[in-house]
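Q: Protein chains in written order, with the numbering used here: chain A, 399 to 603; chain C, 16 to 405.
Note that beta-carbon positions come from the ideal geometry of N, C-alpha and C, so glycine has one too.
Predicted, not measured: the structure shown is a model, and the values here were computed from it.
Take a look at this one; I'll ask things after.
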Amino acid sequence: MTTTFKNDDSFFTVVMPTRSPIGFWSIYRWVELDNNAKFRFIRDLEIEQDRLTIKEIDDIYPEVKTIGIVTNPWARVAYSYEMSINPPNNFPNVEEIGKQFSGIDFTTFDTYVDSILECKVLSNKPHPSLAQLHWLENGNKQVDYLLRSENINEDFKTIQNYFCTDRPLNIEDFKFDYQLYYSDKSKAVVDTIFADDIAKFCYEF
Amino acid sequence: MVLLVRPPGDKFTFRLFFKLAATIKCLKNSLYLWSAKIDPKYEHGWWPEKDKWVLETELDYRKHLIDSINQDVVLIGVKDHLTSGEFNSRFQKIPVIADYLKSLFEYYPNKKFILFTSVENLEFYINADNVRIVPWGGDITNHQHEYQKLQPILEKNLDSNYTFLSLNRNKRAHRAMLVSLLYGLDIQNSGLISCMFKDSIDDLFEYTDWKVTNTSVYLKGFDVLRTSSTSINDSPKIYHNNNNDNVANFKNKLANYYKDTFVEIVCETSYTEACYNLTEKTLNSIYGCSFPILLCSKGSVEFLRSMGLDMFDDIIDHSYDNISDPAERLECAILNNKELLTNNKRTKDLWIKNQNRFKNNIDFCRERLYNFYNTRSNDLFKEILHDYNI
Numbered sequence: 399m400t401t402t403f404k405n406d407d408s409f410f411t412v413v414m415p416t417r418s419p420i421g422f423w424s425i426y427r428w429v430e431l432d433n434n435a436k437f438r439f440i441r442d443l444e445i446e447q448d449r450l451t452i453k454e455i456d457d458i459y460p461e462v463k464t465i466g467i468v469t470n471p472w473a474r475v476a477y478s479y480e481m482s483i484n485p486p487n488n489f490p491n492v493e494e495i496g497k498q499f500s501g502i503d504f505t506t507f508d509t510y511v512d513s514i515l516e517c518k519v520l521s522n523k524p525h526p527s528l529a530q531l532h533w534l535e536n537g538n539k540q541v542d543y544l545l546r547s548e549n550i551n552e553d554f555k556t557i558q559n560y561f562c563t564d565r566p567l568n569i570e571d572f573k574f575d576y577q578l579y580y581s582d583k584s585k586a587v588v589d590t591i592f593a594d595d596i597a598k599f600c601y602e603f
Numbered sequence: 016m017v018l019l020v021r022p023p024g025d026k027f028t029f030r031l032f033f034k035l036a037a038t039i040k041c042l043k044n045s046l047y048l049w050s051a052k053i054d055p056k057y058e059h060g061w062w063p064e065k066d067k068w069v070l071e072t073e074l075d076y077r078k079h080l081i082d083s084i085n086q087d088v089v090l091i092g093v094k095d096h097l098t099s100g101e102f103n104s105r106f107q108k109i110p111v112i113a114d115y116l117k118s119l120f121e122y123y124p125n126k127k128f129i130l131f132t133s134v135e136n137l138e139f140y141i142n143a144d145n146v147r148i149v150p151w152g153g154d155i156t157n158h159q160h161e162y163q164k165l166q167p168i169l170e171k172n173l174d175s176n177y178t179f180l181s182l183n184r185n186k187r188a189h190r191a192m193l194v195s196l197l198y199g200l201d202i203q204n205s206g207l208i209s210c211m212f213k214d215s216i217d218d219l220f221e222y223t224d225w226k227v228t229n230t231s232v233y234l235k236g237f238d239v240l241r242t243s244s245t246s247i248n249d250s251p252k253i254y255h256n257n258n259n260d261n262v263a264n265f266k267n268k269l270a271n272y273y274k275d276t277f278v279e280i281v282c283e284t285s286y287t288e289a290c291y292n293l294t295e296k297t298l299n300s301i302y303g304c305s306f307p308i309l310l311c312s313k314g315s316v317e318f319l320r321s322m323g324l325d326m327f328d329d330i331i332d333h334s335y336d337n338i339s340d341p342a343e344r345l346e347c348a349i350l351n352n353k354e355l356l357t358n359n360k361r362t363k364d365l366w367i368k369n370q371n372r373f374k375n376n377i378d379f380c381r382e383r384l385y386n387f388y389n390t391r392s393n394d395l396f397k398e399i400l401h402d403y404n405i
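Next comes the structure, spelled out in structure tokens:
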């Protein structure tokens, strides 16, 4: 029998690594419009503001089902750089980011990539070299529903099926020409820092 | 589990409910809701798209609640108070939302209900074999993390001519009676007073329907109140985007009033009903470092005292806390503490001498308050599971 909200009383929440190009609200906006999902999702601002991991969420909400978003690691780094040097309204700029991390170097993309591993965190923010697995996996347990940013509409169908709806998510799949940013050297650095994500989520450059 | 709308700031109770519910491994229904949504006064409409108007009422939520009950064990977490509008014990036996829940439990006599509630003393109204009650903290537990970081008012304006503070935003009978009494006794100039609803009442006793022995004092006070402006004239719209940000309100507005005063007549939401929801109003008074005269339901001072708070029993006459009649309780609270409310120099001296006690209460609220509710809920829950043989 297919599991749906009708024969299962699970609760859901969203876990999102830092520097994800998809916002929490992209999912919760859909939730609010769905007459069944809206009664099954936990929106906890601490999860969002402090970017809690699946382990931390499981401690607070035992047995809650988690929806995690994962992004191509090379695209994630390049997108994060782009958002820092050309921030949209209300996003932190290079100067503000510099207050949270010392040693982060936005001079060029290559210097930025080089500084990821060595930079120091001055606030309670997670270190930029942390793999997405840090949020999405806890020992042998992974998020219950893994959605790839690049394929989010397709991957989200499992949630739509669960709630027996075809209501679209109404956001674009994440498309970003990240290859343009990379030199052989910077690619190799990201290959190394995020090797676990690349292997686990089967991403290719 | 079904989640029928959470009120703002309910993280503490919601998480506690979720955690305890998860410990039950047998088949069960777990339902969490905001009492405002099953209040007969609830009505909310909006335009989801052009030419389409949607109106939801309490009946939609009550139906959803009923539709979600299909197991033998049912956990219901009801956040917030259980009174719809006013409650007058002379004419009503039970607050409306509590009455609805009571009927729900009666409708399913063979199910085992565990009711989590924000109100204390709900057993006074709901006491059936198939219901066990876990009071897991009122609105006083809301915005836990924000309050834990809040800067208390440990330094006050010792040149202030005001002695007491009385904040009255939403229209309630006991607030209208309190402010009228303060004006009737001609002690309004000793305090900072707000009464944001005064223009919406034409006839005090027609509105409150309270029986008092000295009507003329209240009427005289109400007349003065109606024709003069209060010392605080803020807009009642203190919250934006329906977020009930109590901590921002404290920082932006209330902190200034607390700095200028030394006693607070805390006018809680509950007063005439036997069950009561202790809210941010009590917590604000503690962070505001004021001597508390607590206008809440009978027994609420004793409850706070038993929880571990210093109620300044050597300074404040709390004998009103044992009085059932609402008018008698109000008059006792004010008249027996008139000296504290009006003798500016004496009260300031007392405040200076007792500063450490305010600090102790703040320490209590930062950690032990939440531990108290946590431990009590856990212990009660265990007993209930044993009792129900779950």
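Arg30 of chain C versus chain A: which residues are under 9 Å apart at the beta carbon?
A: By Cβ distance, chain A contributes Asp442, Ile458 and Tyr459.
Q: Any idea what DSSP makes of Arg361 of chain C, helix, strand or coil?
A: Note: Arg361 of chain C maps to helix in three-state DSSP.
Q: Quick one: what does DSSP say Gln530 of chain A is sitting in, helix, strand or coil?
A: Note: Gln530 of chain A maps to coil in three-state DSSP.
Q: In whole angstroms, what separates the C-alpha of Asn551 of chain A from that of Tyr580 of chain A?
A: So the two alpha carbons sit approximately 27 Å from each other.
Q: If you pair each beta-carbon of the region 94 to 106 of chain C with each one of the region 38 to 55 of chain C, do three or more pairs fall below 8 Å?
A: These segments touch.
Q: By how many angstroms is the C-alpha of Pro415 of chain A removed from the C-alpha of Asp503 of chain A?
A: If I take the Cα positions, the gap works out to 22 Å.
Q: In chain order, what residues of the same chain lie with their CB nearer than 6 Å to the CB of Pro526 of chain A, ignoring the 5 residues before and after it?
A: Cβ neighbours of Pro526 of chain A beyond the five flanking positions: Ile514.
Q: Answer yes if the region 151 to 158 of chain C comes into contact with the region 168 to 177 of chain C, meaning at least three C-beta pairs across the two stretches below 8 Å, and no otherwise.
A: Not touching, per the Cβ criterion.
Q: If you compare alpha carbons, which of C:Phe29, C:Phe373 and C:Leu119 is closest to Ile458 of chain A?
A: Taking only the C-alpha atoms, the option nearest Ile458 of chain A is C:Phe29.
Q: Check this for me: beta carbons of Val511 of chain A and Tyr479 of chain A, under 9 Å apart or not?
A: Their beta carbons are under 9 Å apart, which means Val511 of chain A touches Tyr479 of chain A by this criterion.
Q: Quick check on the DSSP output: the beta strand (DSSP E) that includes Cys282 of chain C runs from which residue to which?
A: Here the beta strand (DSSP E) through Cys282 of chain C covers Val278 to Cys282.
Q: Thinking C-beta only, is Ser547 of chain A closer than 9 Å to Pro419 of chain A?
A: Yes, these two residues count as a Cβ contact at 9 Å.
Q: The region 426 to 450 of chain A: which residues have C-beta closer than 9 Å to a C-beta of chain C, in chain order?
A: The residues in question are Leu431, Lys436, Phe437, Arg438, Phe439, Ile440, Arg441, Asp442, Leu443 and Glu444.
Q: Give the interface partners of Asp407 of chain A over in chain C, defined as CB-CB distance under 7 Å, in chain order.
A: The contacting residues are Met16.
Q: DSSP state of Gly92 of chain C, grouped into three classes?
A: Three-state DSSP puts Gly92 of chain C in a strand.
Q: Buried or exposed: which applies to Ser195 of chain C, given that a residue is buried once 16 or more other Cβ atoms fall within 10 Å of its Cβ?
A: Burial call: buried.
Q: Report the rounded CA-to-CA distance for Gln558 of chain A versus Ile81 of chain C, giving the unit in angstroms.
A: Using only the alpha carbons, I get a separation of about 25 Å.
Q: Apply the 10 Å Cβ neighbour rule to Cys562 of chain A and answer buried if 16 or more other Cβ atoms are within range, or exposed otherwise.
A: Label assigned to Cys562 of chain A: exposed.
Q: Hey, is Pro63 of chain C's beta-carbon within less than 9 Å of any beta-carbon in chain A?
A: So yes, Pro63 of chain C belongs to the interface.
Q: Could you confirm whether any beta carbon from chain C is found closer than 9 Å to the beta carbon of Val462 of chain A?
A: Cβ-Cβ to chain C under 9 Å: yes for Val462 of chain A.
Q: Helix, strand or coil for Lys67 of chain C per DSSP?
A: Looking at Lys67 of chain C - three-state DSSP - the assignment turns out to be strand.
Q: Can you give me the Cβ contacts of Leu310 of chain C inside the same chain, cut-off strictly under 7 Å, excluding the 5 residues immediately before and after it?
A: Only His189, Leu193, Ile280, Val281, Cys282, Glu283, Tyr286, Leu345 and Ala348 meet the Cβ criterion.
Q: Using CA atoms only, rank isn't needed, just tell me which of C:Ile129, C:His79, C:Asn337 and C:Thr297 is closest to Val20 of chain C.
A: Considering only alpha carbons, the answer is C:His79.
Q: What residues from chain A crowd round Lys67 of chain C, counting only those whose CB sits closer than 8 Å?
A: Those within 8 Å of Lys67 of chain C in chain A number zero; the least Cβ separation is about 13 Å.
Q: Counting C-beta neighbours from all protein chains within 10 Å, is the total for Val149 of chain C 16 or more, i.e. buried, or is it exposed?
A: Buried: at least 16 other Cβ atoms inside 10 Å.
Q: Given a cut-off of 9 Å on the beta-carbon distance, is the pair Phe318 of chain C and Glu135 of chain C in contact?
A: In this structure, Glu135 of chain C lies closer than 9 Å to Phe318 of chain C by Cβ.
Q: Using a Cβ distance threshold of 8 Å, determine whether the region 321 to 335 of chain C contacts the region 215 to 227 of chain C, with at least three qualifying pairs required.
A: Short answer: they don't touch.
Q: Chain A partners of Phe33 of chain C, CB-CB under 8 Å?
A: Ordered by position in chain A, the residues that pass the 8 Å Cβ test against Phe33 of chain C are Phe409, Ile440, Ile458, Tyr459, Pro460 and Val462.
Q: Does the region 436 to 454 of chain A come into contact with the region 489 to 508 of chain A, if we say contact requires no fewer than three beta-carbon pairs (one atom in each stretch) closer than 8 Å?
A: Counting Cβ pairs under 8 Å, fewer than three are found: no touch.
Q: Compute the distance between the beta-carbons of Phe102 of chain C and Glu288 of chain C, then report whether it is under 9 Å.
A: In this structure, Glu288 of chain C lies closer than 9 Å to Phe102 of chain C by Cβ.
Q: Taking the alpha-carbon positions, what's the Pro307 of chain C to Val278 of chain C distance?
A: When rounded, the distance between both Cα atoms is 6 Å.
Q: Check the DSSP bridge columns for Leu207 of chain C and list the partner residues they point to.
A: C:Leu180.
Q: According to DSSP, is Asn375 of chain C helix, strand or coil?
A: Looking at Asn375 of chain C - three-state DSSP - the assignment turns out to be helix.
Q: Are the beta-carbon atoms belonging to Phe592 of chain A and Ala529 of chain A less than 9 Å from one another?
A: For Phe592 of chain A and Ala529 of chain A, yes; Cβs fall inside 9 Å.
Q: Could you work out which residues of chain A lie near Ala37 of chain C, taking near to mean beta carbons separated by less than 7 Å?
A: What Ala37 of chain C touches in chain A: Pro460 and Glu461.
Q: Between the C-alpha atoms of Asn259 of chain C and Leu269 of chain C, what's the straight-line distance to the nearest angstrom?
A: About 14 Å.
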